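First up is the structure itself, then whatever we jot down about it.
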Amino acid sequence: MTDAMEVEPTPPTEEETKETQTEEMQQDTEAEEEDVGPLSEWADDASAKPPADQITIFKKILNDTEYLGPKAMSLKERCVYDLTTAYCKTEAFDQIVTLLQKTQFLDQITKSKCAKVVRAVLEVVCTLAPTQLEMQADICQSIIEWCTREKRSFLRQRVEAKLASILVQQKSFKQALELVDRLLGELKKLDDKQLLVETHLQESKIHFGLRNTPKAKAALTASRTCANAIYVSPSLQATIDKMSGTLHCEEGDYNTAHSYFLEAFEQLDQLNDQERAVPCLKYMMLCRILDSLTKALQLSAKGGVGAKSDSSEVDISGMISGRQGVKYAGKDIEAMQAIANASSRRSLKDFEATLIEYSEQLQEDLLIKHHLHILQEQLLESNLIRIIEPYSCVEISHIATLMEMPSKEVEKKLSQMILDGKFQGILDQGKGQLVVYEKGEKDMAMEKSLKVIANMDAIVTTLFERSKALRTMMI
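Just add 564 to the spot in the sequence shown (first one is 1) and you have our numbering.
This is the structure in structure tokens:
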């Protein structure tokens, strides 16, 4: 699905937290008397220089071996993050791997502190270059190889979880699934609940991307089960609720999906995470449109026979007129409002024009794109049925003129609707006409006769089996 469904970074383990707290206490007692020499001045001077000059200064600080006290190490840690930022600004991404593998600073600190720094550097890269997915994957692969050589299993597992999320964004679902399956086997042995929650969630996203809804639901259930045993941050809980809403939306249960999206939206709104809250608001509007139009057209989630209805039944104005609607106003909300207006007017032409005008907001999201295609098919079928309803025989060209569509597309759609049983009729391609049959009453005598024949067949088959068994006993 989309970028908005990314899992938040894994918090440090209990062992890492204890060691970090111990180091910080030591730093507090020793920092006041410690002399860091020229390191502090170099760092202050670098802040006013361009990124290319900053890189030289930060490298000089990190290669220092004279000052190794707590205050100096804290200063060097900040230099690692600043140097990563400078590399990202100059797009020297290959130097980031060299920084992590060859800098002396990482050899001078504890393993838990090293793991914290490596993961923080990876988050800086992903934040400053969110579209450079190939580069992010390469950096993760390099870190994993380094962790394997150094036998740092816990850090490797967390970087592999991050790599899986990047592969999902790249839509490399097969490769991501292989990685997640292997990672889950290791995590279940260690019983790392926090990472299990996130990894099962990634597994659910992968199966959803592969259109395997049953396995996606099973993975999400496993994630929720692990989440019930530990404290889950509001941001991660919002991600779980969002995935639950996505799966319910796929099954056509729009009311339940709307409830999950609302829960996720409220949590993200409280966190002021507008980037992830806007997609949830769009999904809420999508569910309201689909649910209202489904009831108005008397359609099932997979399509059905159309019916006339009042356009006021498709209304989402209440969702965008309040405080939250004003806060998140923008092109995304305008796009969903335009879709709602086109749906309420049953105008297929306006609907297609909206898809073209707001293609960036509507076509890049997998969930919205899939369900807008369903909605477009429902509108097309409803309009076709409403046009042919008064006729017993009508020319296809006349239908195409009223629909403002090519005759070939109309003929293809009518043929599909006849085969799907949406109405009874035939296409006379020689005359270019559609012949519509009246819906006749069922012949109950015929149906009962077929049931009698089926029952007689079952009885005769049973008697034959019994006679065969008796002959066997007599022999």
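Beta carbons: idealized from backbone N, C-alpha and C, even for Gly. Since this is a predicted model, take the numbers as computed values, not measurements.
(request) Provide the residue(s) that pair with E959 in DSSP beta bridges, ordered along the chain. (result) Q997
(message) Check this for me: beta carbons of I853 and A904, under 7 Å apart or not?
(response) yes
(message) Does G773 come out as helix, strand or coil in the three-state DSSP assignment?
(response) helix
(message) Let me check one thing: in DSSP terms, what residues is L991 bridge-paired to?
(response) L998
(message) Suppose the cutoff is 6 Å on Cβ atoms and the five residues either side in sequence are ignored; what does the same chain contact list for Y922 look like?
(response) A899
(request) Please list, in chain order, all residues of the same chain as K640 whose beta carbon is under 7 Å from its beta carbon, the five residues on each side excluded. (result) I625, L626, F669
(message) For S876 and P843, what's the separation of their Cα atoms in angstroms?
(response) No answer about S876 holds up, because its pLDDT of 46 lies below 50 and its placement is not dependable.
(message) Can you tell me whether S787 is buried or exposed? The criterion is at least 16 other CB atoms within 10 Å of its CB, across all chains shown.
(response) buried
(message) Quick check on the DSSP output: the alpha helix (DSSP H) that includes Q721 runs from which residue to which?
(response) 717–733
(message) Quick check: I952 and V1000, are their CB atoms within less than 7 Å of each other?
(response) yes
(request) Enumerate in chain order the residues of its own chain whose CB-to-CB distance from N947 is below 8 Å, with the five nearest sequence positions on each side excluded. (result) G870, R910, L912, M967
(message) In the DSSP assignment, the alpha helix (DSSP H) including S736 goes from what residue to what residue?
(response) Run containing S736: none; DSSP gives neither H nor E here.
(request) Under 8 Å by Cβ, that's how I've got Q672 and D646 pegged, so tell me the actual separation to the nearest angstrom. (result) Actually they do not touch by this definition, with Cβ atoms about 18 Å apart.
(request) For R713, count neighbouring C-beta atoms within 10 Å of its own C-beta (all shown protein chains included) and say buried if the count is 16 or more, exposed if not. (result) exposed
(message) Quick check on DSSP: helix, strand or coil for P843?
(response) helix
(request) Enumerate in chain order the residues of its own chain whose CB-to-CB distance from L731 is below 6 Å, with the five nearest sequence positions on each side excluded. (result) Q739, A740
(request) Indicate the three-state DSSP secondary structure (helix, strand or coil) for L760 in the structure shown. (result) helix
(request) Kindly indicate which three-state DSSP category A893 falls into: helix, strand or coil? (result) coil
(request) Compute the Euclidean distance between the alpha carbons of T648 and Q700, then round it to the nearest angstrom. (result) 13 Å
(request) Please report the Cβ distance between V682 and L719, rounded to the nearest whole angstrom; I am assuming they are in contact, meaning their Cβ atoms lie under 8 Å. (result) 6 Å
(request) Report the residue ranges of all alpha helix (DSSP H) runs contained in full by the segment 894–943; include only those spanning at least 4 residues, in chain order. (result) 895–908, 912–921, 923–927
(request) Look at the alpha carbon of T777 and the alpha carbon of G816, and state the distance between them as a whole number of angstroms. (result) 12 Å
(request) Report, in whole angstroms, the separation of the C-beta atoms of V974 and I960, which I expect to be a contact under 8 Å. (result) 6 Å
(message) Suppose you measure from the CA of F987 to the CA of I708; what does that come to, to the nearest Å?
(response) 59 Å
(request) Taking D984 as the reference, give the member of D608, Q997, M1020, E945 with the closest Cα. (result) E945
(request) Go through its chain and collect everything with a Cβ distance to D896's Cβ below 7 Å, but skip five positions before and after it. (result) V842, K846, Q925
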